[in-house]
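The opening position of the sequence shown corresponds to residue 2 in full-length UniProt numbering, with each subsequent residue numbered one higher.
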Amino acid sequence: PLPIAVLVSGSGSNLQSIIDRIEAGVLDVEIKLVISNKTDAYGLERARKHDIPTRVLLHTDYDSREAFDTDMVHAIRESGVDKGGVVVMAGFMRIVTHVFLGAFENRVINIHPALLPSFPGVHGQGDAAEYGVKISGCTVHFVDEQMDHGPVIIQAAVPCLPGEGGDALGSRILKMEHRVFPQALQWLAEGRLEIDERFVRLKPANKAMAQQP
Ligand code: GAR
Numbered sequence: 002p003l004p005i006a007v008l009v010s011g012s013g014s015n016l017q018s019i020i021d022r023i024e025a026g027v028l029d030v031e032i033k034l035v036i037s038n039k040t041d042a043y044g045l046e047r048a049r050k051h052d053i054p055t056r057v058l059l060h061t062d063y064d065s066r067e068a069f070d071t072d073m074v075h076a077i078r079e080s081g082v083d084k085g086g087v088v089v090m091a092g093f094m095r096i097v098t099h100v101f102l103g104a105f106e107n108r109v110i111n112i113h114p115a116l117l118p119s120f121p122g123v124h125g126q127g128d129a130a131e132y133g134v135k136i137s138g139c140t141v142h143f144v145d146e147q148m149d150h151g152p153v154i155i156q157a158a159v160p161c162l163p164g165e166g167g168d169a170l171g172s173r174i175l176k177m178e179h180r181v182f183p184q185a186l187q188w189l190a191e192g193r194l195e196i197d198e199r200f201v202r203l204k205p206a207n208k209a210m211a212q213q214p
């Protein structure tokens with residue numbers, strides 16, 4: 002299985018969707034570590050329930066983003082995730098720097114509850130509802146140094162219903178997140194994703210399989 006580390010700041014329902022797929026035998030990854038920058042993130046609890054190692058690193062303990070990222074890199078490396086592994090930002094509400102991205106080049110992915118590049122930030126669902134768009138959704142992408150930005154791997158559309166606020170829209174988007182995030186990870190596990198400039202190419206399944214020893 003592909004070794005991964007998962008970063009969470011909150012409820013961790015996306016982490017749960019990954020755990021559930023692994024346990025169902027349909028996602029070929031192993032979660033080596035869950036890191037949170039919040040002591041009370043429920044995602045930590047979810048990890049512990051499945052005997053997954055956890056670490057809490059408080060960004061408030063650090064003078065700079067780079068110093069925080071350096072410790073995150075160490076923790077992830079120690080857990081057994083190296084350059085060949087993948088780091089998954091699952092509701093991790095921090096921007097990562099070149100220190101982090103350089104250590105895991107093209108191996109950090111994020112999920113966002115809107116159709117990027119529209120509505121980045123911490124309120125993607127509410128911002129879309131408030132704007133009055135008729136379709137929103139979610140995006141899984143490789144991470145670069147900008148917030149909610151980088152080569153797009155997969156998106157799913159979710160219609161915005163009349164009179165619906167950000168919470169209702171967000172909970173329907175979340176259900177879709179739980180489908181596309183494990184899918185993106187499985188593609189990574191199969192070695193099927195290639196980045197060409199800023200475009201992500203999905204290689205055919207059979208070819209990827211044939212390349213495996
Ligand atoms: C998810 O909706 C995720 O897309 C969003 O945080 C939520 C985390 O939920 N991420 C962002 O807004 C990133 N800008 P979860 O903790 O239940 O997985």
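Even for Gly, the Cβ is constructed at its ideal location relative to N, Cα and C.
- Listed in chain order, the non-local C-beta contacts of arginine 22 below 7 angstroms within the same chain comprise Leu28 and Pro183, local neighbours out to five positions each way being set aside.
- Of the residues assessed, threonine 40 falls on the exposed side of the cut-off, its CB having fewer than 16 other CB atoms within 10 angstroms.
- Not one heavy atom of the ligand GAR falls within 7 angstroms of the beta-carbon of asparagine 38.
- Around the Cβ of isoleucine 19, a 10 Å sphere holds 16 or more other Cβ atoms; the residue is buried.
- Relative to the non-hydrogen atoms of the ligand GAR, the Cβ of leucine 186 never comes closer than 7 angstroms to any of them.
- Under the DSSP assignment, glutamate 195 falls in the beta strand (DSSP E) whose first and last residues are 194–197.
- Listed in chain order, the alpha helix (DSSP H) elements of length 4 or more contained wholly in the region 79–112 are 99–104.
- Within 7 angstroms of the C-beta of alanine 48 there is not a single heavy atom belonging to the ligand GAR.
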